[in-house]
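Engineer: Sharing a structure, written as structure tokens. Questions coming.
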């Protein structure tokens, strides 16, 4: 660990808890001041709380941030990122003083908000308030389910807590209600949340817009609540955490009264210290006020020694390793499975499972809705994929996300299916937490139009590269009578615009099976499925075409002769393209039909493949029951895009399709207009 030490200024016995907390304050205000950007108030206000948790309770190993049985720490109020960076540096993670000096700079390990995969020791990307808290619920849920599955009498290999720091903003966000209500219902007793109750947000004192009785609110969720804890009294904080750990039947909220920017003589307790550098004069005044005599970014040796958790962490992990070895001798198959699951690897027979699933879909040739095709795929996969954790936002019977072996997760017992209730945003963020924890591949379902509710969690999944799968059914105007409130027209295109999110819109059982296989195999990002309510016809393919589905776009039906145009389609509209192709062939016009179940995957193919599917100069028509602008990247301004550039209508599906001109006749007319 790179450091600048001043051992003469402090004896080895003089590093008091106050000194340790002030080290956090100093690093936070120095880094923010150097960057002239950031949020010093929260780190300064939560310094004592952080010192107590990280030195006296948190089980972690700085030498191995990926230790399977570590406690998870989530900074939900992620704007205070310098608190976490200071903690990681001081306790011995691979985060140097130079990294802290590069706070908020290009390609540094210390970005403005914590980012998983960028900074060693950061468990999840936080900043959009409330989502870290929801992620933590997912982590606590994963711990509970893993413990139930793998622990055996005399052999406890899964036994850790999830700790969360939250602020007023996290609890104002609606997602906090969604996630914490479910956490209380499921009695996630190893989830401990420390609330930074400082009464200040960006706009000033929160009493003008946030007067909730937070302790009563969480008590109503079924949480263990510890109110009125002095967040600057280490003994009080220590007692509260110990009390929380003693209650394994309920999650705990510890309400810590704090002063934002504690130590700043002129700005503490005000919104002026929330999101801006203190300024050189106030930094100097703060140093004097808290008795910190050291220059910027200088930490005395005794403080480093007191903070250092490397020896303790190595000991904790070594002790666990010994226990796990004993477990492996007693239960070798379970140990092997645990290692596989935590490594994120698929079962050894995965290839055979996928091949059999696709072969059956091809052989049966069923013409069913793709939501049903998705359930068929889940039924084929789930028995062979332990750790496949499903769920739905109170739409199981419509999303068809369950299978014959589904067992509900309850407070009383483990299972493999979560009834999330009507909590779309919370569901997606909890799934992110499950995926980040490890040991599970989560998937969850709702209607496509309600993806808007969970949108920011989808974005965070893509940003964090989590293997979290999102099932969206009722994907277009094809759901008919429910009308425009439920008919997704802009959603498929808008989801495609999220970097690193693969959106699959399959046209039949075979494409659906392949899309599920590809999504599960994708370890570096989330995938979503847009699935139909209405039945779609099965399409026959050659083995080569089946293999080509994984490329995201391929020639599904070649022209009889040299093609004069190409029709591009996805999902339920592929059948319209095939009908139009036949009509045009009868009229002497040869066209090819290109199915594009995943445009993102297609875009990642090499230039030769893309040119073979969509040759330069070949006129193109797209057809998809949604907004048309997205398709201009493929058909160009000179091509034609058939779709729905308005909100839907309430009527039977066939009537709605005809009303908007999404039918084979309009496809035929569009092709002819280009020739």
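In our numbering, the protein residues as written are 14 to 688. Where a beta carbon is used, it is the ideal one built from N, C-alpha and C, also for glycine. Everything numeric in this text was worked out from a predicted model, so none of it was measured.
1. Quick check: the stretch 506 to 524 against the stretch 603 to 611, are at least 3 beta-carbon pairs closer than 8 Å?
2. For my contact list, residue 514 and residue 475 are in at a C-beta cut-off of 8 Å; report their separation, rounded to the angstrom.
3. Taking just the CA atoms, how far does residue 386 sit from residue 373?
4. Going by CA-CA distance only, name the one from 158, 640, 130, 621 that's closest to residue 431.
5. Does the beta carbon of residue 247 sit closer than 9 Å to a beta carbon anywhere in chain B?
6. Does the Cβ of residue 380 have 16 or more other Cβ atoms within 10 Å, making it buried, or fewer, making it exposed?
7. Does the stretch 263 to 271 come within contact of the stretch 239 to 253, defined as at least 3 CB pairs closer than 8 Å?
8. Tell whether a beta-carbon distance below 9 Å holds between residue 129 and residue 477.
9. For residue 255, count the other beta carbons within 10 Å of its own beta carbon; 16 or more makes it buried, fewer makes it exposed. Which is it?
10. What do you reckon, are the CB atoms on residue 103 and residue 33 nearer than 9 Å?
11. Name the DSSP beta bridge partners of residue 214, please?
12. Can you tell me the Cβ-Cβ gap for residue 677 and residue 596, rounded? I've got them flagged as a contact below 8 Å.
13. Can you tell me the Cα-Cα spacing of residue 148 and residue 530, whole angstroms?
14. So is residue 222 buried or exposed if we call it buried at 16+ other beta carbons inside 10 Å?
15. What is the DSSP secondary structure of residue 633, counted as helix, strand or coil?
16. Measure the Cβ-Cβ separation of residue 192 and residue 236 and say whether it is below 9 Å.
17. Label residue 396 either buried or exposed according to how many other C-beta atoms from any shown protein chain fall within 10 Å of its C-beta, with 16 as the threshold for buried.
18. CB residue 283 to CB residue 213, shorter than 9 Å?
19. Apply the 10 Å Cβ neighbour rule to residue 656 and answer buried if 16 or more other Cβ atoms are within range, or exposed otherwise.
20. Would residue 459 pass as a contact of residue 440 if the rule is Cβ separation under 9 Å?
21. Would you grab the beta carbon distance between residue 422 and residue 456 for me? Rounded to a whole angstrom, and I think it's under 8 Å.
22. Please classify residue 626: does DSSP put it in a helix, a strand, or coil?
23. Can you list the alpha helix (DSSP H) stretches of 4 or more residues lying completely in the stretch 297 to 369, in chain order?
24. Find out if the Cβ-Cβ distance for the pair residue 355, residue 451 is shorter than 9 Å.
25. Can you tell me the Cβ-Cβ gap for residue 183 and residue 142, rounded? I've got them flagged as a contact below 8 Å.
26. Quick one: Cα of residue 7 to Cα of residue 162, how far?
27. Contact defined as beta carbons within less than 8 Å: I believe residue 127 pairs with residue 97. What is the distance between those atoms, to the nearest angstrom?
28. Tell me, which residues are paired with residue 407 by DSSP?
29. By Cβ distance, which residues of its chain are closer than 7 Å to residue 579, with the 5 residues on each side in sequence left out?
30. For residue 17, count the other beta carbons within 10 Å of its own beta carbon; 16 or more makes it buried, fewer makes it exposed. Which is it?
31. Suppose contacts are defined by Cβ-Cβ distances below 9 Å. Is residue 602 in contact with residue 685 by that definition?
32. In terms of residue numbering, what span does the alpha helix (DSSP H) encompassing residue 528 cover?
33. Quick one: measure Cβ to Cβ for residue 493 and residue 666, integer angstroms, because I've assumed they're closer than 8 Å.
34. Given a threshold of 16 other Cβ atoms within 10 Å of its Cβ, counted over all protein chains shown, does residue 589 qualify as buried or as exposed?
35. CB-CB under 7 Å to residue 231, same chain, minus the five flanking residues each way: which ones, in chain order?
36. Assign residue 120 to one of two classes, buried (16 or more other C-beta atoms within 10 Å of its C-beta) or exposed (fewer than that).
Structural biologist: In this structure, then:
1. Cβ pair count under 8 Å is three or more, so yes.
2. 4 Å
3. 12 Å
4. 158
5. In the structure shown, chain B does not exist; there is a single protein chain.
6. exposed
7. yes
8. yes
9. exposed
10. yes
11. 217
12. So it is a contact: roughly 6 Å between Cβ atoms.
13. 25 Å
14. exposed
15. strand
16. no
17. exposed
18. Yes, Cβ-Cβ distance for residue 283 and residue 213 is below 9 Å.
19. Burial is judged here by how many other beta carbons sit within 10 angstroms of a residue's own beta carbon; residue 656 has at least 16 and is buried.
20. yes
21. With a Cβ gap of about 14 Å, residue 422 and residue 456 do not count as contacting.
22. helix
23. 314 to 320, 323 to 343, 345 to 356
24. yes
25. 5 Å
26. This structure cannot speak to residue 7, because the chain is shown only from 14 to 688.
27. 6 Å
28. None, per the DSSP bridge assignment.
29. 604, 605, 607, 627, 631, 633
30. For residue 17, the pLDDT reaches just 32, beneath the cut-off of 50, and the residue's location in the model is therefore unreliable, although a value from the coordinates is still provided. That one is exposed.
31. Contact flag set, yes.
32. Per DSSP, residue 528 belongs to the alpha helix (DSSP H) from 522 to 534.
33. Rounded, the Cβ-Cβ distance is 4 Å, consistent with contact.
34. Around the beta carbon of residue 589, a 10 Å sphere encloses 16 or more other beta carbons of the protein chains shown; the residue is thus reported as buried.
35. Here the set comprises 193, 238, 266.
36. exposed
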